[in-house]
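Numbering (this note's numbering), first residue to last: 82 to 347. Every residue gets a Cβ at the ideal spot worked out from N, C-alpha and C, and that includes glycine. Let me begin by presenting the structure, written as structure tokens, before commenting on it.
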Amino acid sequence: MNSILLHAFPKIIDLTNLSNADSTVKRAIEIVEHIESLHFQGRVPPAYEVQRAQNAADCLTAFIYQNPSLQSSLKSGQKLSPLEADAHGAMALCALRGIGRMQGSLQTVSQLANIASTHNSPAGHYATGLLNMELFNPPRYEEARGFFEQAAETGHAGAQYMLAVLHANSLLSKSSNITACGYLEQAAAQGHPKALCDLGGIYTRGLSVPGVKIEADPLKAIGYYKASYQKGFEPAVNHLGQCAGMYAPNYIRTPNGQVERRFERH
């Protein structure tokens, strides 16, 4: 089998020696997940990132469809490796977003996501959750929740954030503000850019809803906004400026003689 040269990657992917291809395939999956995060943030990726994602999709297409061992496992019902399953999950996202040669038909996305999810891939569970939310009218939120929960249990930050969204917006039959905050904090702890920014918003003004009461804390808010911006979520810098403008620093001396900075609302 011929080697496949992808312009976005420094190495030639030799599918006759899959151990050498693993690192490149893993990188391709990371690129697809990055583009998916930009899509969810409502950001239009620059041209070079679009091209990089197209090349990543080509890499995954070759890994899946030109891999005799993988195709044999699928036909015989054998269990896929975690990397093989995750590659199907990433390809489902490519098909959903129209990246690469795979177009986003319901059948294509469903088939890829189902293979990944059946083989217990967190990426597959996440993709299947998105499929249930985006490709059905009305959206199948309860079904999506089940798949997001399976991915979230493995530490998938995107799935944790989506669960926070479902609960916070009362889209589930048993939505919970407490659960929403818990998932939001889990996603933020893993560096999810949007989750970090959302927590910044909560601590900017505070939150008081049934089951949850969080006092405003501008220092925490600023920290979350900065972390979000450093993770690439550009709108966070605007929120950071607004938060800083709402509060004035007040320097006070504590009883033990130390100077402490506190913020007071204008």
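(message) Given this structure, state the Cα-to-Cα distance separating N83 from G181, to the nearest angstrom.
(response) Confidence at N83 is low in this model, with a pLDDT of 31, below 50, so the placement of that residue should be treated as unreliable; the coordinate-derived value is given next. Using only the alpha carbons, I get a separation of about 20 Å.
(message) Just to confirm my understanding: we take P316, look at its own chain, exclude 5 residues before and 5 after, and list those with CB closer than 6 Å. What are they?
(response) none
(request) Give the DSSP bridge partners of K294, in chain order. (result) S289
(message) Could you give the first and the last residue of the continuous alpha helix (DSSP H) run that contains P203?
(response) P203 to E215
(request) Identify the continuous alpha helix (DSSP H) that holds K156 and give its terminal residues. (result) P149 to S157
(message) Going by C-alpha to C-alpha distance, which of A269, L288, E296 and G292 sits closest to K307?
(response) A269
(request) Starting from E224, follow the alpha helix (DSSP H) in both directions and report where the run begins and ends. (result) Y222 to E234
(message) Could you compute how far the alpha carbon of G123 sits from the alpha carbon of V131?
(response) 15 Å
(message) Rounding to the nearest angstrom, what Cα-Cα distance links S257 and A249 in this structure?
(response) 7 Å
(message) Whether or not the segment 164 to 173 and the segment 137 to 146 are in contact is what I'm after, with contact meaning three or more pairs of Cβ atoms, one per stretch, closer than 8 Å; do they touch?
(response) yes
(request) Take every Cβ of the segment 212 to 231, pair it with every Cβ of the segment 185 to 202, and state whether three or more of those distances are shorter than 8 Å. (result) yes
(message) Can you list, in chain order, the residues of its chain with a C-beta nearer than 7 Å to that of H88? Leave out the 5 residues immediately preceding and following it.
(response) Any reading at H88 needs caution, since the residue's pLDDT is 38, under 50, leaving its predicted position unreliable; the model's value is listed next. Counting only Cβ-Cβ distances below 7 Å, and skipping sequence neighbours, we find N136.
(message) Rounded to the nearest angstrom, what separates V246 and T235 at their Cα positions?
(response) 18 Å
(message) Along the chain, where does the alpha helix (DSSP H) containing L247 start, and where does it finish?
(response) A238 to A249
(message) Is the separation between the beta-carbon of A173 and that of G205 shorter than 8 Å?
(response) yes
(request) Tell me whether H103 is buried or exposed, calling it buried when 16 or more other Cβ atoms sit within 10 Å of its Cβ. (result) The sequence given here places Asp at residue 103; His does not occur at that position. Under this definition D103 is an exposed residue.
(request) Could you tell me which of T285, S289 and G313 sits nearest to K301, measuring between CA atoms? (result) T285
(message) Can you tell me whether S289 is buried or exposed? The criterion is at least 16 other CB atoms within 10 Å of its CB, across all chains shown.
(response) exposed
(message) Using only CA atoms, which one of P127, D139, C140 and T199 lies nearest to L155?
(response) T199
(message) Taking the straight line between their C-alpha atoms, what separation do you get for T189 and G179?
(response) 11 Å
(message) Quick check: S309 and C262, are their CB atoms within less than 8 Å of each other?
(response) no
(message) Using beta carbons (cut-off 8 Å, strictly below), is N136 in contact with chain B?
(response) Of the protein chains in the structure, only one exists, and it is not chain B.
(request) Assign V106 to buried or exposed, taking buried as 16 or more other Cβ atoms, counted over all protein chains shown, within 10 Å of its Cβ. (result) buried
(message) Applying the 10 Å Cβ sphere with the 16-neighbour rule, what's the burial state of E111?
(response) exposed
(message) Whole angstroms are fine: how far does the CA of I259 sit from the CA of V293?
(response) 6 Å
(message) When you compare the CB positions of Y242 and A276, do they come within less than 8 Å of one another, or not?
(response) yes
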